[in-house]
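The structure appears below as structure tokens.
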Amino acid sequence: MKALSYELIHKDAKTGARRGRITTPHGTIETPVFMPVGTQATVKAMKPEDVERTGAQIILGNTYHLYLRPGSDIVREAGGLHKFMNWNKPILTDSGGFQVFSLGAMNKISEEGVEFRSHIDGSKHMLSPEKSIAVQTDLGSDIMMAFDECAPPDSSREYIEKSQALTTRWLERCVKAHKNTEKQALFGIMQGGFFRDLREKSAREITEFDLPGYAIGGISVGETKEEYIGVLEYAPDLLPEDKPRYVMGIGTPDYIFEAVQRGVDMFDCVEPTRIARHGMAMTSRGRISIKNARFERDFTPLDPECDCYTCRNFSRAYLRHLFKEGENLSNMLLSEHNLRFMAKTLEEIRKAIEEDRFLEYKKEFYTKYYGSPDGK
RNA sequence: CGGCAGGUGGCACAGCGGCGACUGCAGGCGGCUGUAACCCGCUUACACAGAAACACGUAGGUUCGAGUCCUACCCUGCCGA
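Residue numbers (the working numbering): 8 to 383.
Here it is, written out as structure tokens:
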């Protein structure tokens, strides 16, 4: 028996958007889906039950961070990540590949793997495909990601060529190291930067392994929106239709709509929770900064159209007050609201796809959220 | 009443002869993309190098030049009658 299966339920009549369902050992996931990020075995500022009531179906955890602290052996002894953090729905773990990029200045990449300087104390640690899989096995996630190199967007073609080839060789080692295929699924990651032929090469190579799902990595790392969409125009089609497709690291509504439209099923991003902690709320009429003086005496909810706990109980003036005072409750309430906003938007997207009106819904959303039908 | 210390943007402080005055906080605005992020950035007059401007308690004085030195006064704090 396999750890994961994907069922394609319906394809939008006019676009590549697809409505699907992923089944994992910890339950099913309706797609397209947005996955909140809980790097250190917690979605920051939120209790698992709060995350759950936003409608979140699956969350992320992180190999690199949990390996450093508390140590994946401790998570294993606790009974796995689900038990450790009390989240009983599916979990996807990132492999540490993104930290190759985000902590780039402190790393050394070799054929063997990546030597990290811990961002906590500067100590040296080696993360290799085998090590990453071993850690993710300890964590017990439903979906583990292959250890890849997420290269910077301004890398040369020569660099991306080498990086993409290395990612394939690392994938082969990940597949070999991955034993418990009936409990945890392993997803491969496409690289290749912004070069179409390299993306095609990457797709050919990684799909050889016949994995239960594939991700498109190396985008949403600081490139322009045009470059991002450029890759999206062809990349999803290079991946099998009967497997879930995942674009890693996207969280703004426009990036998600563009990806869904081209046949992508899964997304994750720190954006909604991070901007919440920084005083920004996503609303049906666009983003608002709760810090703004204009909300000082605004006793209406963040978003009158929202059904979340925060909007049902608190005013903008109160949330502004909490934020200005640095109260923890501000982070909690804004995070919950933003996650609810994301979950609800994806609910609407799924419904629209089922009814073959994805583009209409996209236009409607853009008009309200961005103030124009094309979002600019 | 006497002694001592001190008065610099909203607050707290730096500077101790070249200041169109440092820094932090507060205030205002913005940014966050597989989380080194309850973080980071910008801003706090107009104008622009002019016999112009100014957050250095007030008024005089010394000096080419004073937030900086001197005198008086006002105010605050501590100590002593």
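Where is the CB? At the ideal position from N, CA and C, for every residue including glycine.
All values derive from a computational prediction rather than experimental measurement.
Considering only the beta carbon of each residue, do residue i and residue j sit closer than 7 angstroms?
i, j, result
"L366", "H344", "no"
"F264", "E234", "no"
"G256", "S227", "yes"
"T46", "Q143", "no"
"D149", "P32", "yes"
"R206", "G195", "no"
"P251", "D272", "yes"
"D145", "S79", "yes"
"G378", "D261", "no"
"R357", "R26", "yes"
"P97", "I36", "yes"
"L67", "D249", "no"
"K131", "E118", "no"
"E278", "G258", "yes"
"M133", "T100", "no"
When we look at the beta-carbon of residue i and count the other beta-carbons within 10 Å, is it buried (16 or more) or exposed?
i, result
"N338", "buried"
"F105", "buried"
"A48", "buried"
"T307", "exposed"
"R347", "buried"
"G120", "buried"
"D57", "buried"
"A192", "buried"
"I81", "exposed"
"A19", "Correcting the residue type first, residue 19 is Asp in the shown sequence and not Ala. So D19 counts as buried."
"S170", "buried"
"T374", "exposed"
Classify residue i as helix, strand or coil using the three-state DSSP reduction.
i, result
"D101", "strand"
"E215", "coil"
"I65", "coil"
"R76", "coil"
"L15", "strand"
"D275", "strand"
"Y241", "coil"
"M230", "The residue you asked about is not Met; residue 230 is Glu in the sequence shown. If DSSP states are grouped into helix, strand and coil, E230 belongs with coil."
"A10", "coil"
"G293", "strand"
"Y235", "helix"
Going by the C-beta, is residue i closer than 6 angstroms to any heavy atom of the ligand NAP?
i, result
"G129", "Absence of the ligand NAP is noted for the structure shown, with no ligands found whatsoever."
**Study point:** At least 3 beta-carbon pairs within less than 8 angstroms: the segment 210-229 vs the segment 237-250
**Key:** yes
**Study point:** Inter-stretch contact (C-beta, 8 angstroms, three-pair minimum) for the segment 354-368 and the segment 85-95
**Key:** no
Check your understanding: Three or more beta-carbon pairs under 8 angstroms between the segment 41-58 and the segment 343-360, yes or no?
Key -> yes
Check your understanding: How do the segment 284-298 and the segment 265-274 stand: do at least 3 beta-carbon pairs fall below 8 angstroms, yes or no?
Key -> These segments do not touch.
**Study point:** the segment 171-187 in contact with the segment 129-145 per 3-pair CB rule at 8 angstroms
**Key:** yes
Point to revise | Cβ contact check for the segment 96-110 and the segment 155-164: 3 or more pairs under 8 angstroms | key: Short answer: they touch.
Review point. Counting pairs of Cβ atoms below 8 angstroms between the segment 318-337 and the segment 299-306, do you hit three or more?
Key: The answer is yes - the segment 299-306 touches the segment 318-337, with three or more Cβ pairs under 8 angstroms.
Practice item. Could you tell me which uninterrupted alpha helix (DSSP H) segments, each at least 4 residues in length, are contained entirely in the segment 138-205, listed from first to last along the chain? Key: 164-184
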